[in-house]
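Reading through the structure tokens given below for one structure.
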Amino acid sequence: MTASQSAKPAANSGKPKLAFRPLPVPQVDIRGFWGDRVDAVATRTADILYDRCVEARMLEQIDPDRPSPGVVIPFHSPSPDEAAAAGNEFTGSTVTTQMFWDSDWGKTIETAAYSLYRRRNDELEKKIDAVIDMYGKLQQPDGYLSSWYQRIQPGLRWTNLRDCHELYCAGHLIEGAVAYYQATGKRKLLDIMCRYADHIAETFGPEPGKKKGYCGHEEIELALVKLARVTGEQKYMDLAKYFIDQRGLEPHYFDKEARARGEDPKAYHFKTYEYSQSHRPVREQDKVVGHAVRAMYLYSGMADIATEYGDDTLRVTLDRLWDDLMTKNLYITGGLGPSSHNEGFTSDYDLPNETAYAETCASVGLVFWASRMLGMGPNARYADMMERALYNGSISGLSLDGSLFFYENPLESRGKHNRWKWHRCPCCPPNIGRMVASIGSYFYSLSDDALAVHLYGNGTARFDIAGRPVELIQTSNYPWDGAVWIGVEPEAPTEFTLHLRLPAWCRKAALKVNGEAVDLDDITSDGYAAIRREWRKGDRVELDLEMAVDRLYANPEVRQDIGRVALARGPLIYCVEETDNAGQLHRIALPRTAKIEVREEPNLLGGIVTLSAVASKEASENWQDGLYRTEPPAVEEAKVTAVPYFAWDNRDPGEMLVWLRDS
């Protein structure tokens, strides 16, 4: 079945009336801080992603008119070394191929789509259209579409959901298709992926004769929700719910599947199904475990289903998992997953700084999860963390000019951790690209009679409420300044509620509507001020958020941060770099009495605000008694300057430190 001719909500009688949905990217124009980042993606990153996919010879895997890029190799589950080497990589006779390349194309298409909406690029659009044509030719008559199983390992489709990313790849291609349709109006890829989704729905489900499986790497769930929303097809939403509900049930599908391949399920190289969050049914899970990106994608899908079906059992579980992450397993930057061994979680309070894995994709996934929790209503506990991950742990993965990337995002470096051009497992570049390019969809969410403003900055949003068009214009120098001016311009007088987030980092806030002060205590719930009124053309809202400098301390259970302090201002976490502080950063100690100076630096790193203070620094001069001695080192004054964490390693390579010694 092809997609409907116009976007419409999926019919769902169980959906709560006040469910909130994000505004589509084409309905939000972004300027200012995020506008600069979207422009960098639109002018550089989108083209770079395509070019580097071609350089990696990914086109050869999806083009049915070319010889197969690799040899057909005997099927096997990945070895520990293969899994550790960035995602099940196999080598053919002519080119190294990867089973998840379809997902990289999907994210690249999504990035390109939103970039094309931002900035016309006929050459890039022509290239993406050609990629879509290849997928159209590759698709089999029954709708199945996987370049890996059609070109590299034919005949083995749906035989190893645990390891081989089949549904994961489908999910990213679906998301790319939805984005390309929304941004360009072109339906070809959307129709291709609807046929594939129909095939998946015919293959998996509770009905007799269908497979009872789900993907080892969650993603398809998020994609099916998006597909249902844009096509109005309820069956896609129901399939997403099925994959959520089926996960972790006994008898375990992955065990059954392994035996069908002639393998011992206990030979699984990750030892435990916690790795893929399939160790228990989702409603019984109470800890964030396993691969961090997979966990974030699962919880995002669960939040979507909880919103769409009004499922309180999922909401209770999600809050339990959220609390576990926030109180025991999250870096101050919004990074998560400290270990490279499983690209994920280890034990509570294990948050090493220098060896932090904190994959860019994991922070992007946290943004996804937090934003989807807001579908159940405005709540600052989720929006605050969405903002923290957006401004720190995620966009640190993309250089300011949009050309270089981080896979890992440590909180300390001796100078050897630098941005790279590409990666053998290139999941992060298009993931951060698509998130930044679609940033407008995270600013707002809309219900039947309310609009929630989650993020602040320069931009314009357009939406319909009560059947009437409304334009909302934000003007602000956020995140450098907390003054936000909002103009509400309905086509005709319209009554609705405007929810404005009051960030937890803000100690003092003031609100005015058309120049009259509003008592925030009277209208604030769950961290949002709710202004209910009949809005008319020319209405103005002024929100002033005090943006003080905060010294942040970690729970004493985090042994790596005992006796240390981090600096924050507004939504931004700061760090010190060698280029500003003459190196040997581990010697610096920040006195609790030190006055911290805030300084605007319009010509530094694209225009930032720095923090500086007079600190102390242990000296090494006159240390001539070997490695140890009884006399303590001399201490001297040293001015320390901190820059936003997201901007580090955009100048000369060097040391970096988030957590300073506290004195």
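Note that this note's numbering gives residue 529 to position 527 of the sequence shown, counting from 1, and the numbers run on in steps of one. Backbone N, C-alpha and C define an ideal beta-carbon position, used for all residues, glycine too. Only a predicted model underlies this, so the values are computations on that prediction, with no experimental measurement involved.
Item, Value
"Roughly how many angstroms lie between the CA atoms of Ser398 and Pro28, to the nearest whole one?", "25 angstroms"
"Rounded to the nearest angstrom, what separates Glu559 and Asp326 at their Cα positions?", "14 angstroms"
"Nearest to Phe2 by CA position, among Trp487, Phe498, Met437, Val486, is which residue?", "Outside the displayed range of the chain (3 to 665) lies residue 2, so it cannot be described from this structure."
"In this structure, does DSSP put Gln142 in helix, strand or coil?", "coil"
"Taking only the alpha-carbon atoms, compute the straight-line gap between Pro80 and Lys330 and give it to the nearest angstrom.", "Confidence in Pro80 is poor, its pLDDT being 38 and thus under 50, which makes the residue's placement too unreliable to answer from."
"Quick check on the burial criterion: 16 or more other C-beta atoms within 10 angstroms. Buried or exposed for His219?", "buried"
"Starting from His501 and walking both ways along the beta strand (DSSP E), at which residues does that stretch end?", "496-503"
"For Pro82 and Ala617, I'd like the C-alpha separation in whole angstroms.", "Residue placement at Pro82 is poorly supported in this model, since its pLDDT is 32, which falls under 50; the coordinates still yield a value, given next. Near 46 angstroms, if we compare the C-alpha coordinates of Ala617 and Pro82."
"Count the other C-beta atoms from every protein chain shown that fall within 10 angstroms of the C-beta of Gly89, then say buried if there are 16 or more, exposed otherwise.", "Below a pLDDT of 50, predicted positions are generally treated as unreliable, and Gly89, at 33, falls in that range; no measurement from the model is reported."
"Taking only three categories from DSSP, how would you classify Glu221?", "coil"
"If you drop the 5 nearest sequence neighbours on each side, which residues of the same chain put their C-beta closer than 7 angstroms to that of Thr93?", "Since pLDDT at Thr93 reaches only 33, below the 50 mark, its modelled position is unreliable, and the value read off the structure follows with that caveat. No residues qualify anywhere along the chain."
"Quick check: the Cα distance between Met388 and Ala372, rounded to an integer number of angstroms?", "5 angstroms"
"Could you compute how far the alpha carbon of Pro412 sits from the alpha carbon of Asp451?", "43 angstroms"
"If you measure between the beta carbons of Asn394 and Tyr151, is that distance less than 8 angstroms?", "no"
"Ala570 by DSSP, collapsed to three states: which one?", "strand"
"In chain order, what residues of the same chain have a beta carbon less than 6 angstroms from the beta carbon of Arg601, not counting five sequence neighbours either side?", "Thr612"
"Looking only at DSSP bridge pairs, what is Phe206 linked to?", "Lys213"
"Report yes or no: do the stretch 198-211 and the stretch 280-293 share at least 3 C-beta pairs separated by less than 8 angstroms?", "no"
"Taking the alpha carbon of Tyr458 as the point to measure from, which residue in Pro481, Ala132, Ser447, Pro431 has its own alpha carbon closest?", "Pro481"
"Within a Cβ cutoff of 7 angstroms, which residues of the same chain sit near Asp528, ignoring the five residues on either side of it in sequence?", "Pro380, Asn381, Ala382"
"What's the call for Thr335, buried or exposed, on a 16-neighbour Cβ count within 10 Å?", "buried"
"Could you give the distance in angstroms between the alpha-carbon of Lys188 and the alpha-carbon of Ala132?", "13 angstroms"
"Please report the residue range of the beta strand (DSSP E) in which Gly489 lies.", "485-492"
"Once the 5 residues before and after Pro428 are set aside, which same chain residues still bring their CB inside 8 angstroms of it?", "Arg54, Cys55, Ala58, Asp106"
"By DSSP, does Phe407 sit in helix, in strand, or in coil?", "strand"
"If you drop the 5 nearest sequence neighbours on each side, which residues of the same chain put their C-beta closer than 6 angstroms to that of Arg249?", "Tyr216, Ser280, Val284"
"Under 8 angstroms between C-beta atoms, does Val438 make it to chain B?", "Absent from the structure is chain B; it holds one protein chain and no more."
"Which same chain residues end up closer than 6 angstroms to Glu536 when comparing Cβ atoms and leaving out the 5 residues on each side of it in sequence?", "Pro495, Glu497"
"Using three-state DSSP, classify Pro340 as helix, strand or coil.", "coil"
"DSSP has Glu579 in a bridge; who is on the other side?", "Met658"
"Consult DSSP for Ile75 and reduce its assignment to one of helix, strand or coil.", "Reliability fails at Ile75, whose pLDDT of 36 lies under 50, so the model's placement of it is uncertain and no value is given."
"Short of 7 angstroms in beta carbon distance, which residues of its chain neighbour Gln476, apart from the five on each side in sequence? Order them along the chain.", "Tyr458, Gly459, Asn460, Gly461, Val486, Ile488"
"Cutting at 7 angstroms between CB atoms, please list the residues of its own chain near Ser341, excluding the five before and the five after it.", "Thr348, Tyr359"
"Anyone know if the C-beta pair for Pro26 and Ser447 falls short of 8 angstroms?", "no"
"Return the CA-CA distance between Glu491 and Arg39, expressed in angstroms with no decimal places.", "27 angstroms"
"Does Lys619 pass the burial test, meaning 16 or more other C-beta atoms within 10 Å, or should it be called exposed?", "buried"
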